[in-house]
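So that you can map any letter, position 28 of the sequence shown is 28 in the UniProt record's numbering, and since no number is skipped, the others follow by simple counting.
The beta-carbon is built from N, C-alpha and C at its ideal position, and this holds for glycine as well.
If you're wondering where the values come from, they're calculated on a predicted model, not measured in any experiment.
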Amino acid sequence: MEINEIFRRRLEAEMKAQGDNPDSLAKKAGMNRRAVRDILEGNSQSPKLSTVYKLATALNASIDELTGNAPHAVIAPRLLELLSKYGPDEQERLAEAILSLPRAPASEQ
């Protein structure tokens, strides 16, 4: 997968995980709404480093995380989609519920 596609997908996932949308993310990053939408829609093929930095800072993420250069947990797209339908408080309650579930032994994972 190409770096721009990795960035786009991770940006979108992080944005949704934090309960943001393109407009709210643009505001947090001090950017034009259209610029964020263009990146997410794949219309901006090679965002400037300064743009990537602004978006990472707004999401409290590192550039490495958004570009695929940092280790990250693989989260099933279905789970991300479901979580994005809940607000931060509900997501926190869901996280606590997940943590209370018994874990399968390492040999079964």
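Own chain, CB closer than 8 Å to residue i, minus 5 neighbours either side, in chain order
i, result
"Ser46", "Asn4"
"Val52", "Phe7, Ile63, Leu66 and Thr67"
Simplified DSSP assignment, three categories, for residue i
i, result
"residue 119", "Residue 119 is absent from the model: the chain starts at 1 and stops at 109."
"Pro102", "coil"
"Glu5", "helix"
Cβ shell of residue i (< 7 Å), same chain only, five flanking positions each side left out
i, result
"Asp64", "Ala70"
Residues of its chain near residue i, where Cβ-Cβ distance is below 6 Å and the 5 sequence neighbours each way are ignored
i, result
"Ser26", "Inspection of the sequence shows that residue 26 is occupied by Ala rather than by Ser. Excluding sequence neighbours, Ala26 sits near Arg33 and Val36."
"Ser44", "Asp38"
C-beta atoms of residue i and residue j nearer than 9 Å
i, j, result
"Ser62", "Lys16", "no"
"Pro77", "Gly19", "no"
"Thr67", "Ala29", "no"
"Leu11", "Leu40", "yes"
"Leu79", "Tyr86", "no"
"Glu14", "Leu82", "no"
* Unbroken stretches of the alpha helix (DSSP H), 4 residues or longer, contained in the region 13-78 -> Here the runs fully enclosed are 22-29, 33-40, 49-58 and 63-67.
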